[in-house]
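In the UniProt record's numbering, the protein residues as written are 1 to 758. Ideal Cβ placement from N, Cα and C applies to all residues, glycine included.
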């Protein structure tokens with residue numbers, strides 16, 4: 001029953017911890033917005049509320065662990081008490097030394113296997129929880145071959161009546177049976193739309209036929225589904241009907257600049273064969289030559305997460321709504337373009353608004369040199385999503401996407417009985433409506449569709465949606481402005497006299513090596529002030545006296561309990577057997593009671609220390625300047641406030657309790673043996689000096705290995721996290737195997753250090 005309760009509260013604690021860490025990750029990712037809007041107090045309050053629920057479960061776990069520890073340490077003593085008392089009460093005879101001492105030795109032999117039992121059971125429960133959390137991952141539906149590529153088809157891309165849907169799945173009610181959840185989990189995510197699954201957004205009626213070697217523009221209002229269309233073509237958005245066929249391999253520039261925590265060169269090459277001429281051509285056409293002069297190690301500079309390895313003047317990034325995962329990075333956009341330009345095997349390039357995050361003259365340079373001068377000149381097909389209307393005269397074909405809301409109006413009292421539902425189609429395009437029209441309250445869906453297509457001149461002369469869109473948001477000045485910007489682009493992209501040798505770095509080393517060098521500053525022994533600070537946070541004026549008094553009484557009871565059997569057997573006090581039986585039982589249960597007091601006091605001390613440490617650390621992080629977040633990887637902060645706090649919450653208390661019981665047991669044993677044989681103190685002192693001598697060799701190496709393990713673990717988690725952020729890009733380039741190999745490499749490195757610490 002105790003184990004079942006422990007499992008239940010452990011699972012609750014893990015749920016609360018996940019909720020807190022998830023909220024913390026969102027807030028840290030959008031810390032710039034939080035600080036600009038002065039929301040620190042509000043969001044810190046939300047974190048504190050999540051922490052309160054977590055602490056309640058942690059306190060319950062602490063109580064259960066205290067009982068477990070007490071049972072483990074007290075079982076041999078209580079077993080001896082019950083056995084000897086029962087034997088004497090049954091036979092009404094003195095204890096026979098031939099029975100008493102062998103039995104006592106056997107009972108004490110139980111202590112060694114029972115001592116690690118609570119921690120072992122706790123590890124078993126954690127393993128069970130971990131497996132239950134991994135089960136949905138292992139049973140998740142995997143994506144098979146996403147793209148259909150036909151190298152023999154005439155067109156670069158053919159889409160026939162394509163339709164893609166983003167689904168919204170509401171949370172399943174808690175009372176739903178596990179069988180129902182399993183049945184729903186085994187159903188296909190597209191074909192089995194239950195009543196709880198609704199379409200949040202739909203791209204419908206898409207038919208495309210794009211010739212090879214052409215540049216196609218896709219335009220439309222914000223939120224009309226341009227990015228969703230590209231994701232649908234790449235297989236990242238669930239497809240409900242239609243057919244998509246590519247005439248070659250694909251390359252993709254996502255709307256969110258995806259940058260790996262690696263060198264700029266590695267981000268561009270992206271696991272493909274090295275071609276120096278093509279590489280430097282990609283650098284030039286992506287307008288990166290001037291940036292390489294600013295980077296400390298040229299193209300071998302570690303860019304890092306959000307450019308954290310760069311100085312303030314080198315970053316040039318603007319962080320927007322990071323809760324939704326949008327981070328616009330001017331340098332990152334050009335690196336993404338260079339990554340696409342370097343790909344010589346791809347035939348179709350899908351560019352999701354890569355020119356929006358750069359300056360106007362840079363966007364013209366990129367369009368003129370990268371898209372037209374590089375990709376189109378090589379016969380590549382480019383599908384460009386853009387808001388830069390002034391660039392559209394240079395493209396071969398333009399598709400206009402519009403956002404539409406199809407709504408189901410609720411039936412009113414005045415509606416005729418034979419009319420159940422009324423479908424209304426309301427166009428939300430601002431180019432058509434001169435005044436905003438709010439649609440009625442409905443349960444409908446939004447979808448995007450292609451409403452116009454043709455060349456730039458054809459659409460402009462048709463005086464349709466695109467013409468109105470150009471008038472409202474297009475190039476005010478038309479081709480003259482374009483010509484002026486073309487000249488600026490030529491000036492901006494003038495060949496730089498700096499030689500390639502200056503743009504290269506002599507040596508940068510691998511990522512794990514740099515992380516290790518950064519972590520070596522932590523390689524020192526823990527100062528005593530850290531321990532005293534930790535104890536000071538746990539209300540020591542209450543807990544420490546209780547612990548010391550309980551240790552003295554419990555160890556005294558245990559020592560006297562062992563002598564009591566001798567007095568009992570010899571009847572040293574000339575008392576009835578009942579007196580010896582009662583005394584023996586009182587000493588045994590007294591030891592158990594004060595052992596419980598020790599565990600409870602230490603549990604409360606570690607609980608209070610963990611609560612206050614986490615609160616202070618969280619407060620310090622929220623009040624840190626933006627320079628701290630600009631120079632510290634998000635994974636490291638999450639590791640400290642997540643995994644390290646979890647160790648303090650759950651792991652450190654058991655270690656402290658084990659340390660206290662071991663030290664007190666050792667002192668009691670040494671004192672007891674010394675009283676009987678005083679020369680044993682010489683052996684004890686020699687043994688203590690030997691332990692200290694060997695520990696002086698063990699502690700530094702163990703500390704170094706632990707630091708290495710932590711550092712490599714951060715690298716592994718950082719790589720995994722950034723890979724999840726760039727899944728669309730990774731799949732579009734067909735680099736899943738490359739990323740998996742890198743992940744295996746980091747897992748292997750971390751396991752080497754982990755095995756050495758075991």
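Within 10 angstroms of the beta-carbon of residue 148 lie fewer than 16 other beta-carbons, which makes it exposed. For residue 83, same chain residues with a beta-carbon under 7 Å away, outside a window of 5 residues either side, are 103 in chain order. The residue from 700, 387, 467 and 372 with its alpha-carbon nearest to that of residue 394 is 372.
Two segments are said to touch when three or more pairs of C-beta atoms, one from each, lie closer than 8 Å; by this definition the stretch 2 to 16 touches the stretch 50 to 68. Under the DSSP definition of a beta bridge, residue 208 partners with 159. Fewer than three beta-carbon pairs drawn from the stretch 18 to 35 and the stretch 63 to 73 are found closer than 8 Å, and the two stretches are therefore not classed as touching. Your pair residue 267 and residue 339 checks out as a contact, with CB atoms roughly 6 Å apart and the cut at 8 Å. Three or more Cβ pairs closer than 8 Å define a contact, and the stretch 103 to 122 falls short of that threshold against the stretch 616 to 624.
The C-alpha of residue 249 lies about 26 Å from the C-alpha of residue 448.
Residue 578 and residue 685 have their C-alpha atoms some 42 Å from each other.
In the DSSP assignment, residue 245 falls within the beta strand (DSSP E) that extends over 239 to 246.
A direct Cα-Cα distance of roughly 19 Å separates residue 554 from residue 675.
With respect to the C-alpha of residue 218, the residue from 665, 740 and 469 having the closest C-alpha is 469.
Distance from the CA atom of residue 673 to the CA atom of residue 679, rounded to whole angstroms, is 9 Å.
By a beta-carbon distance limit of 8 Å, residue 161 does not contact residue 7. Their separation comes to about 52 Å. Cβ neighbours of residue 163 within its own chain (closer than 8 Å, five residues either side excluded): 202, 203, 204, 205, 206, 239, 240, 241 and 242. In the displayed model, residue 213 falls within coil according to three-state DSSP, outside both helix and strand.
With 16 or more other CB atoms across the displayed protein chains lying within 10 angstroms of its CB, residue 228 is buried. Around the CB of residue 86, fewer than 16 other CB atoms lie within 10 Å, so the residue is classed as exposed. Across the structure, residue 656 and residue 275 are spaced so that their CA atoms are roughly 57 Å apart. In the assembly as shown, residue 118 is a buried residue. Its beta-carbon has 16 or more other beta-carbons within 10 Å.
The three-state reading of DSSP puts residue 115 in coil, since its state is none of H, G, I, E or B. Ranked by how close their Cα comes to the Cα of residue 710, the residues 723, 751 and 692 have 751 in first place. Note on geometry: alpha-carbon atoms of residue 717 and residue 638 lie some 10 Å from one another. Looking only at 552, 64 and 40, the smallest Cα-Cα distance to residue 1 is reached by 64.
The Cβ neighbour count for residue 286, taken over all protein chains shown within 10 Å, is at least 16; the residue is labelled buried. Spanning the alpha carbons of residue 687 and residue 665 requires a straight line of approximately 16 Å. In its chain, beyond the 5 residues on either side, 248, 249, 250, 251, 340, 380 and 733 have a beta carbon closer than 8 Å to the beta carbon of residue 346. If you look at residue 252, you'll find it in the beta strand (DSSP E) that goes 249 to 253. In the three-state DSSP reduction, residue 258 falls in the coil class, being neither helix nor strand.
Residue 456 sits in a helix when the DSSP states are folded into three classes. In this structure, the CA atom of residue 730 is about 26 Å from the CA atom of residue 295. The bridge partners DSSP lists for residue 559 come to none. The beta carbons of residue 538 and residue 605 sit closer together than 7 Å. Annotated three-state conformation of residue 346 is strand, per DSSP. Here residue 753 has 705, 708, 709 and 712 as same chain residues with Cβ atoms under 7 Å from its own Cβ, once five neighbours each way along the sequence are excluded.
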